[in-house]
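Protein chains in written order, with our numbering: chain A, 32 to 294; chain B, 32 to 294.
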């Protein structure tokens with residue numbers, strides 16, 4: 032179940048890169064961005080992963096930016112031949128793209144300070160779609176950019192994290208979604224499911240998720256996560272979940288937050 | 032760059048689950064499925080991640096199944112109230128859904144053998160879209176299913192891996208894509224980029240990817256990955272990549288396969 036109020040801004044991510052689709056690289060930027068957005072009260076509504084292909088990037092970005100309040104893209108803004116995201120974003124917005132004076136200065140300064148050659152390939156990273164704002168990159172210098180509701184970030188996780196420090200002030204947040212996790216080690220989803228469904232109905236203003244983990248016969252269980260904007264309701268639901276776990280002979284562990292339990 | 036021959040079957044994945052979009056759970060099934068498909072010569076063309084929402088699942092599955100040769104879904108086939116994938120798939124195909132006799136027998140046997148109560152909630156997992164084939168689940172019993180070109184798997188990574196053992200025989204493969212990785216530790220993408228672009232042009236029948244990793248000033252570099260179906264061309268390209276790395280003072284490391292290097 033996926034509920035949100037009408038005034039909740041919702042974000043999407045477009046992950047760009049052949050290396051993600053080939054299985055070479057494990058995406059972690061989705062989780063980083065989702066966790067970054069949570070305190071702003073901005074849930075993720077969708078993620079799409081597409082290859083380094085001009086028309087596929089344009090198609091995905093246009094589909095997402097008309098549907099969601101914010102769209103993050105990751106990947107494809109480096110100096111090599113397969114870095115085509117900036118051009119695709121410009122095409123998606125039907126604007127031109129050329130060297131941006133501020134981006135050029137940032138790059139020139141960076142490479143001069145690092146005593147690294149400012150090659151023509153590196154200079155390509157100063158090409159920014161017209162009317163876009165730069166997003167600072169404290170890690171490696173080459174900036175991302177925002178045009179309309181689309182925020183274009185790097186692909187390397189460390190650099191994404193760095194760029195997010197220049198993103199928060201751009202966002203109009205919604206109601207912050209709080210969550211409480213009740214862990215039920217050793218229990219099985221199927222035992223709890225029926226009464227869990229009744230609780231989900233009783234707390235229809237919250238979302239109630241059931242996430243089994245299974246590593247071995249000894250290490251399995253269910254994490255019950257309740258999410259919502261009203262702290263009192265959340266606390267009530269968590270107490271009921273603890274009661275449910277105890278009724279099935281489990282020892283519940285409650286944690287604030289949307290915690291993971293090894294699954 | 033993303034090239035494929037006309038007779039290459041292409042797959043997509045629809046990842047289903049609020050817990051993925053909230054950042055609670057790190058998806059790893061994309062990588063598992065991508066690596067499983069590679070030896071069949073079936074690349075991934077797209078991945079979409081959507082919430083546990085009936086209409087959103089239908090929309091994504093219908094978009095993907097008409098565009099790709101195979102669509103894998105993960106998540107949402109457990110016993111709890113938020114497990115709505117089977118109903119959504121049935122709706123996407125406009126077929127009915129009810130208890131499947133074979134699935135019911137599998138589940139009954141499983142829970143009897145494990146001496147675990149076969150609750151009404153668990154029995155829900157026997158509900159399978161009409162005309163679907165079951166996909167065996169050697170890990171926890173509850174089957175996935177295939178209807179048309181859509182293969183519906185569990186969400187828990189261990190169970191996904193188990194179910195894939197009943198998937199290979201269903202696939203019509205394409206040309207297997209081989210890859211060679213040349214690692215250039217300590218080098219920077221921007222130095223190699225220009226000549227790399229020339230090599231990409233010279234080997235237009237292959238795809239040439241450049242994947243920087245950056246952990247610290249001491250631990251960074253570029254992994255150059257060349258992919259294609261012709262082993263001789265691949266080997267030639269890899270030799271040229273090694274020459275390129277040496278020209279920039281690097282010590283190239285060659286590995287067969289689309290290897291990761293800590294990024």
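We put the beta carbon where it would ideally sit given N, CA and C, even for glycine.
Exercise. How about residue 272 of chain A and residue 253 of chain A: are their beta carbons less than 8 Å apart?
Worked result: Cβ distance not < 8 Å, so residue 272 of chain A and residue 253 of chain A don't count as in contact.
For this session: Return the first residue and the last residue of the beta strand (DSSP E) that residue 8 of chain B is part of.
Result: Any property of residue 8 of chain B remains undetermined from this structure, which presents chain B solely from 32 to 294.
For this session: State buried or exposed for residue 114 of chain A, treating a residue as buried only when at least 16 other CB atoms are found within 10 Å of its CB.
Result: The residue is buried, with at least 16 neighbouring Cβ atoms inside 10 Å.
Problem set entry | Coarse secondary structure for residue 34 of chain A, derived from DSSP in three states | The predicted position of residue 34 of chain A is uncertain, since its pLDDT is 44 and thus under 50; a value taken from the coordinates is nonetheless stated next. Coil, per DSSP.
For this session: Flag residue 53 of chain A as yes if its beta-carbon sits less than 8 Å from any beta-carbon of chain B, otherwise no.
Result: Among the CB atoms of chain B, one or more fall inside 8 Å of the CB of residue 53 of chain A.
For this session: Measuring alpha carbon to alpha carbon, tell me which of B/138, B/125, B/132 ends up nearest residue 109 of chain B.
Result: Considering only alpha carbons, the answer is B/138.
Exercise. Which residue's Cα is closest to the Cα of residue 42 of chain B: A/46, A/41, A/124, A/52?
Worked result: A/52
Problem set entry | Any 3 or more C-beta pairs closer than 8 Å across the region 89-104 of chain B and the region 177-196 of chain B | yes
Problem set entry | Touch test, the region 81-92 of chain A against the region 125-134 of chain A, Cβ-Cβ under 8 Å, three pairs minimum | no
Exercise. How is residue 182 of chain A classed by DSSP in three states: helix, strand or coil?
Worked result: strand
Problem set entry | Where the beta strand (DSSP E) through residue 237 of chain B begins and ends | Boundaries for residue 237 of chain B: no beta strand (DSSP E) harbours it, and the DSSP string shows neither H nor E there.
Exercise. Is there contact here, the region 212-229 of chain B with the region 277-291 of chain B, by at least three beta-carbon pairs under 8 Å?
Worked result: These segments touch.
For this session: Excluding the 5 residues preceding and the 5 following residue 116 of chain B in the sequence, name in chain order all residues of the same chain whose CB lies nearer than 7 Å to its CB.
Result: 47, 88, 104, 106, 107, 108, 183
Exercise. Going along the chain, which residues of the region 126-153 of chain B sit with their C-beta nearer than 9 Å to a C-beta in chain A?
Worked result: 142, 147, 148, 149, 150, 151, 152, 153
For this session: Residues of the region 92-117 of chain B with a CB closer than 9 Å to any CB of chain A: list them in chain order, please.
Result: 109, 110, 111, 112, 113, 114, 115
Exercise. Under a CB-based cut-off of 8 Å, is residue 231 of chain B close to chain A?
Worked result: yes
For this session: Please specify which runs of the alpha helix (DSSP H), each continuous and at least 4 residues long, are wholly inside the region 44-97 of chain A, giving them in chain order.
Result: Whole alpha helix (DSSP H) segments, 4+ residues: 49-52, 60-68.
For this session: State whether the region 204-211 of chain A contacts the region 61-81 of chain A, with contact taken as three or more CB pairs (one from each stretch) at a distance under 8 Å.
Result: yes
For this session: Over the uninterrupted alpha helix (DSSP H) stretch that includes residue 188 of chain B, give me the two end residues.
Result: 188-195
Exercise. On the premise that residue 241 of chain A lies in contact with residue 218 of chain A, defined as a C-beta separation below 8 Å, what is that separation, rounded to the nearest angstrom?
Worked result: About 10 Å separates the beta carbon of residue 218 of chain A from that of residue 241 of chain A, a gap too long to meet the 8 Å contact definition.
Problem set entry | 8 Å Cβ cutoff, residue 62 of chain B in contact with chain A | yes
Exercise. Using a C-beta cutoff of 8 Å, does residue 158 of chain B count as contacting chain A?
Worked result: no
Exercise. Using a Cβ-Cβ cut-off of 8 Å (strictly less than) and excluding sequence neighbours within five positions of residue 118 of chain A, which residues of its own chain qualify?
Worked result: Result list for residue 118 of chain A: 85, 128, 158, in chain order.
Exercise. Are there 16 or more other CB atoms within 10 angstroms of the CB of residue 204 of chain A, so buried, or fewer, so exposed?
Worked result: The residue is exposed, with fewer than 16 neighbouring Cβ atoms inside 10 Å.
Problem set entry | Boundaries of the beta strand (DSSP E) in which residue 101 of chain A is found, first to last residue | Counting along the chain, the beta strand (DSSP E) containing residue 101 of chain A begins and ends at 101-105.
Problem set entry | According to DSSP, residues forming a beta bridge with residue 284 of chain B | Its beta-bridge partners are B/214.
For this session: Can you pull the chain A residues whose beta carbon is under 8 Å from the beta carbon of residue 245 of chain B, in chain order?
Result: 170, 171, 187, 189, 190
Exercise. Helix, strand or coil: how does DSSP classify residue 220 of chain B here?
Worked result: helix
Exercise. Do the region 142-151 of chain A and the region 258-267 of chain B touch if we need at least three Cβ pairs shorter than 8 Å?
Worked result: no
Exercise. Under 8 Å, do residue 237 of chain A and residue 201 of chain A count as touching if we go by C-beta distance?
Worked result: no
For this session: Consult DSSP for residue 252 of chain B and reduce its assignment to one of helix, strand or coil.
Result: strand
For this session: Go through its chain and collect everything with a Cβ distance to residue 269 of chain A's Cβ below 8 Å, but skip five positions before and after it.
Result: 211, 213, 257, 285
For this session: Note down, in chain order, every chain A residue with its Cβ under 9 Å from the Cβ of residue 249 of chain B.
Result: In chain order: nothing, as chain A lies at least about 14 Å away.
Exercise. Using a C-beta cutoff of 8 Å, does residue 256 of chain B count as contacting chain A?
Worked result: It does: the Cβ of residue 256 of chain B has a partner Cβ on chain A nearer than 8 Å.
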